[in-house]
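Participant: Below is one structure. I have some questions about it.
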Amino acid sequence: MFRRKTNMKKALKIIGIILASLALIFGIFVAVNQIGERQMNKYIDTFSPVEVEESLTPTLVGGEYYFTTDREFRVMQLTDVHIGGGFLSVDEDKKAINAVAAMITEEKPDLVIVTGDISFAVPYISGTINNAIAHRLFIRLMERLGVSWTVNFGNHDSEAYNYYGRATVSEMYANEALEHCLFIPDGDLSGEGNHVINVKNSAGLITESFYMIDTHSYTDKDPLGIKWDYDYVKEDQIAWYAAKVEAHKAANAAVFATLSEEQKTAYADLLAPKSLMFMHIPLTEVKVAYDESIANGKKETENVKWLEGFDGETDEVVYCSRTDVDLFETVLEKGSTQALFYGHDHLNNFVLEYKGIRLSYGYSIDYLAYSGIDEQGYHRGCTIITCAPDGDATIKHENYYQDKYAPLYEKEIVNLEPYKAE
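Numbering (the numbering used here), first residue to last: 377 to 798.
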């Protein structure tokens, strides 16, 4: 009996030592990352606000932001920034921040839309599971640059093992203290941050709407994303989009009725406002269109036209949800949305036209998530979308390693040849 009690005491002592050691290690990690965040804040504060000659200030009306202008409106899409926020990813995080700041400073967009995966708080890569650090750093950067901006969320923005879930992360971006962030959470809908931003002209007609749709993260059967079983857009989100399109048509019709005959002739194309849609995970139709194009040697078919770009991902190439939804069919039915923009697959930057709708991957920023990706540069950059006063939109991909992008800190040397995932 005495020996048994002695063994029990030894076992408890060993367990206590192990737990105390783990607590000490965890505490050290937390302290180191807190110091690291303060240093990163100082780094971000070295960047200057963007100087814009004709800055547009949006107004909030009925839960939607509106810009008013009669000139072209320029949007920059960024995607998959992948800030780790931990002590292991400091170098990569600085490169990502340097790149984002350089492109925004040069392009001076009216609006920046970030289509997800701002955070990559994966412990064995970044050194932390506190995803709030990455989000705080990015928010600080964007507010420092001083341009209007908003976000979608991606699957990595709040992993199951991270400190904070999507609702809490959403609250960070919805903070009323943020002067330039136009993110609006809609708590009545599935997901976080389904919202719309509009551009109207001096006559009061909407010329373009930008729909941000949450594509969620992983399914309940694969909460850690090990099987790449991605979630999908829900029915209430699709209904919300359809209702907004109809509401904007009705709003333009009401304004149109008050115009002079000369104005009615000039603005006839705006009776049905045009729009663009932004999300993180591509819809299943992107894979359908891609597979059809590849099967036909990228030659134009009845449904698909390969417009530009490179398919750098392997195996499935397009890593979308395995569940079909009616969003794309609703887009076709409503006749408003000209193009869909997404990220998620870092080495894809191709653009297709499918059934008359442009499907566009964004250039990713990622220096961290893929092995060796910091040494590659073909995929890294931004997408510039120019919206004409009549609502027509043009898309141009811009590689970060062009000479016109002169970052505050020296640009790294990378391989600029097209790169296939290993």
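Note that beta-carbon positions come from the ideal geometry of N, C-alpha and C, so glycine has one too.
Taking the alpha carbon of Phe586 as the point to measure from, which residue in Val476, Val727 and Asp486 has its own alpha carbon closest?
Facilitator: Taking the sequence shown and counting its residues from 1, one reaches residue 586 at position 210. Measuring from the Cα of Phe586, the nearest candidate turns out to be Asp486.
Participant: Distance check for Arg512 and His458, CA to CA, integer angstroms please.
Facilitator: The sequence position of residue 458 within the sequence shown is 82, counting from 1. The sequence position of residue 512 within the sequence shown is 136, counting from 1. Whole-angstrom Cα-Cα distance: 13 Å.
Participant: Is the Cβ-Cβ distance between Ala619 and Ser712 less than 9 Å?
Facilitator: Within the sequence shown, numbered from 1, the residue matching residue 619 stands at position 243. Within the sequence shown, numbered from 1, the residue matching residue 712 stands at position 336. Their beta carbons are not under 9 Å apart, which means Ala619 does not touch Ser712 by this criterion.
Participant: Trp604 and Asn570 look like a contact to me (Cβ under 8 Å); what is the Cβ gap, rounded to whole Å?
Facilitator: Sequence index remark: in the sequence shown, residue 604 carries index 228 (1-based). Sequence index remark: in the sequence shown, residue 570 carries index 194 (1-based). The beta-carbon separation of Trp604 and Asn570, rounded to 24 Å, does not stay under the 8 Å limit for a contact.
Participant: How should Gln778 be labelled, buried or exposed, when 16 other C-beta atoms within 10 angstroms of its C-beta is the threshold for buried?
Facilitator: Counting from 1 along the sequence shown, the entry for residue 778 is found at position 402. Gln778 should be labelled exposed.
Participant: Would you kindly work out how many angstroms separate the C-alpha atoms of Leu554 and Pro425, rounded to a whole number?
Facilitator: Indexing the sequence shown from 1 puts residue 554 at position 178. Indexing the sequence shown from 1 puts residue 425 at position 49. Straight-line Cα distance between these residues: approximately 15 Å.
Participant: Our contact map puts Ser524 next to Glu584 with C-beta atoms below 8 Å; I'd like the distance itself, whole angstroms only.
Facilitator: Counting from 1 along the sequence shown, the entry for residue 524 is found at position 148. Counting from 1 along the sequence shown, the entry for residue 584 is found at position 208. Incorrect: roughly 14 Å between the Cβ atoms, too far for contact.
Participant: Any contact between the region 735 to 748 and the region 718 to 725? By contact I mean 3 or more CB pairs, one from each, below 8 Å.
Facilitator: yes
Participant: Got a sec, what are the start and stop residues for the beta strand (DSSP E) Thr583 sits in?
Facilitator: Counted from its first residue, the sequence shown places residue 583 at position 207. Per DSSP, Thr583 belongs to the beta strand (DSSP E) from Ile582 to Met588.
Participant: So, is Tyr606 buried or exposed, given that buried needs 16 or more other C-beta atoms within 10 angstroms?
Facilitator: The residue labelled residue 606 in the question sits at position 230 within the sequence shown. Answer is buried; the Cβ neighbour count reaches 16.
Participant: So what does DSSP say about Glu676, is it helix, strand or coil?
Facilitator: Translated into the one-based positions of the sequence shown, residue 676 becomes position 300. Here Glu676 carries a coil assignment [DSSP, helix/strand/coil].
Participant: In chain order, which continuous runs of the alpha helix (DSSP H) of length 4 or greater are located wholly inside the region 440 to 487?
Facilitator: Listed in chain order, the alpha helix (DSSP H) elements of length 4 or more contained wholly in the region 440 to 487 are 466 to 483.
Participant: Could you check whether Thr759 and Gln453 sit closer than 9 Å to each other, using their CB atoms as the reference points?
Facilitator: As a first step, residue 453 must be located in the sequence shown, where it is residue number 77. As a first step, residue 759 must be located in the sequence shown, where it is residue number 383. A contact, by the Cβ cut-off of 9 Å.
Participant: Roughly how many angstroms separate the alpha carbons of Tyr746 and Glu638, rounded to a whole number?
Facilitator: Along the sequence shown, one-based indexing puts residue 746 at 370. Along the sequence shown, one-based indexing puts residue 638 at 262. The alpha-carbon atoms of Tyr746 and Glu638 are separated by roughly 56 Å.
Participant: Under a Cβ-count criterion, where at least 16 other Cβ atoms within 10 Å of its own Cβ denotes burial, should Ala626 be classed as buried or exposed?
Facilitator: Stepping through the sequence shown from its first residue, residue 626 is reached at position 250. Exposed, by the Cβ-count rule.
Participant: Determine the DSSP secondary structure at Gln639, reduced to helix, strand or coil.
Facilitator: Here residue 639 refers to the residue found at position 263 when the sequence shown is read from its first residue. In this structure, Gln639 counts as helix in the three-state DSSP scheme.
Participant: By alpha-carbon positions, which one of Val572, Glu535, Ile573 and Ile515 ends up nearest to Glu547?
Facilitator: The residue you call residue 547 lines up with position 171 of the sequence shown. Comparing Cα-Cα distances from Glu547 to each of Val572, Glu535, Ile573 and Ile515, the minimum goes to Ile515.
Participant: From which residue to which residue does the beta strand (DSSP E) around His571 run?
Facilitator: For the purposes of this step, residue 571 is identified with residue 195 of the sequence shown, where counting begins at 1. His571 to Lys576 is the extent of the beta strand (DSSP E) around His571.
Participant: Considering only the alpha carbon of each residue, which of Thr677, Gly530, Thr770 and Asn775 lies closest to Asp493?
Facilitator: Sequence index remark: in the sequence shown, residue 493 carries index 117 (1-based). That would be Gly530, whose Cα lies nearest to the Cα of Asp493.
Participant: Please report the distance separating the alpha-carbon of Thr455 from that of Ala644.
Facilitator: Taking the first residue of the sequence shown as 1, we reach residue 455 at position 79. Taking the first residue of the sequence shown as 1, we reach residue 644 at position 268. Rounded to whole angstroms, Thr455 to Ala644 spans 35 Å at the Cα level.
Participant: Compare the beta carbon distance of Ser465 and Arg542 with 9 Å and say whether it is the shorter of the two.
Facilitator: Translated into positions along the sequence shown, residue 465 becomes position 89. Translated into positions along the sequence shown, residue 542 becomes position 166. In this structure, Arg542 does not lie closer than 9 Å to Ser465 by Cβ.
Participant: If we call anything under 9 Å between Cβ atoms a contact, is Ile509 one with Gly461?
Facilitator: Taking the first residue of the sequence shown as position 1, residue 509 is located at position 133. Taking the first residue of the sequence shown as position 1, residue 461 is located at position 85. In contact: Ile509 and Gly461 (Cβ atoms closer than 9 Å).
Participant: Would you kindly work out how many angstroms separate the C-alpha atoms of Glu440 and Met588, rounded to a whole number?
Facilitator: In the sequence shown, residue 440 corresponds to position 64, counting from 1. In the sequence shown, residue 588 corresponds to position 212, counting from 1. Going by the C-alpha atoms only, they are around 12 Å apart.
Participant: Per DSSP, Ser651 is paired with what?
Facilitator: Here the question's residue 651 lines up with position 275 in the sequence shown. BP columns for Ser651 point to Ser585 and Thr713.
Participant: Just to confirm the assignment, what range does the beta strand (DSSP E) spanning Ala769 have?
Facilitator: Along the sequence shown, one-based indexing puts residue 769 at 393. Start and end: Ala769 to Asn775.
Participant: What are the start and end residues of the alpha helix (DSSP H) that includes Ser545?
Facilitator: For the purposes of this step, residue 545 is identified with residue 169 of the sequence shown, where counting begins at 1. The sequence shown places Val at residue 545, rather than the Ser named in the question. From DSSP, the alpha helix (DSSP H) with Val545 extends over Arg542 to Tyr549.
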